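Numbering (this note's numbering), first residue to last: 129 to 272.
What follows is the structure, encoded as structure tokens:
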């Protein structure tokens, strides 16, 4: 069985979402505080989750610019992908995450999430949206 972990990488917080064992449904998992940690420290935290949750594939949100140029956030994410691969032994699949945070904000506004809670879980919800998009686009139809 394939089990995915999606990562919404940021310099302050890192949102994580995990798939069910069939690789069909994404669920928000955790938000890691990145503020006082290095990329290596975050990668080791993720490696522990990979081991404990039997993760087989990593989906790393890639913050692409709409003009096609490589921005600072995209380069940081690509650098983190290399570290993550070295630490976990899994090569992250870089997946376009444009607008996932915007969609997450809209979703939480529509569902009435408390503003204080929203700040804590926004990256986790963005990772969940990223992963569900990936699963819907790439999953094999197990029902036919």
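All residues carry an ideal CB built from backbone N, CA and C; glycine is no exception. Given the structure is predicted, the values throughout are model-derived calculations rather than measurements.
Residues in the same chain with beta-carbon distance under 7 angstroms from residue 192, minus the five sequence neighbours each way, listed in chain order, please.
202, 224, 226
For residue 218, tell me which candidate among 242, 172, 262, 237 has the shortest Cα-Cα distance.
Of the candidates 242, 172, 262, 237, the one whose C-alpha sits nearest the C-alpha of residue 218 is 172.
Hey, would you say residue 282 sits closer than 8 angstroms to residue 259, going by beta carbons?
With the chain covering only 129 through 272, there is no way to say anything about residue 282.
Which runs of the alpha helix (DSSP H) at least 4 residues long sit entirely within the segment 193 to 237? Give them in chain order.
200 to 216
Residues in the same chain with beta-carbon distance under 6 angstroms from residue 228, minus the five sequence neighbours each way, listed in chain order, please.
Around residue 228: 254, 257, 258.
Same chain, Cβ closer than 7 angstroms to residue 267, neighbours up to 5 away in sequence not counted:
151, 152
Candidates 170, 164, 179, 183: which alpha carbon is nearest residue 146's?
It is 183 whose Cα lies nearest to the Cα of residue 146.
According to the neighbour-count rule (16 or more other Cβ atoms, all chains shown, within 10 Å of its Cβ), is residue 245 buried or exposed?
exposed
By the three-class DSSP mapping on this structure, what secondary structure does residue 137 have?
coil
What is the DSSP secondary structure of residue 261, counted as helix, strand or coil?
helix
When DSSP builds the beta bridges, which residues end up paired with residue 143?
136, 159
Which of the three DSSP states, helix, strand or coil, is assigned to residue 255?
Of the three classes helix, strand and coil, the one that applies to residue 255 here is helix, per DSSP.
My output table needs one value for residue 164: the three-state DSSP class, helix, strand or coil.
coil
DSSP three-state call for residue 187: helix, strand or coil?
strand
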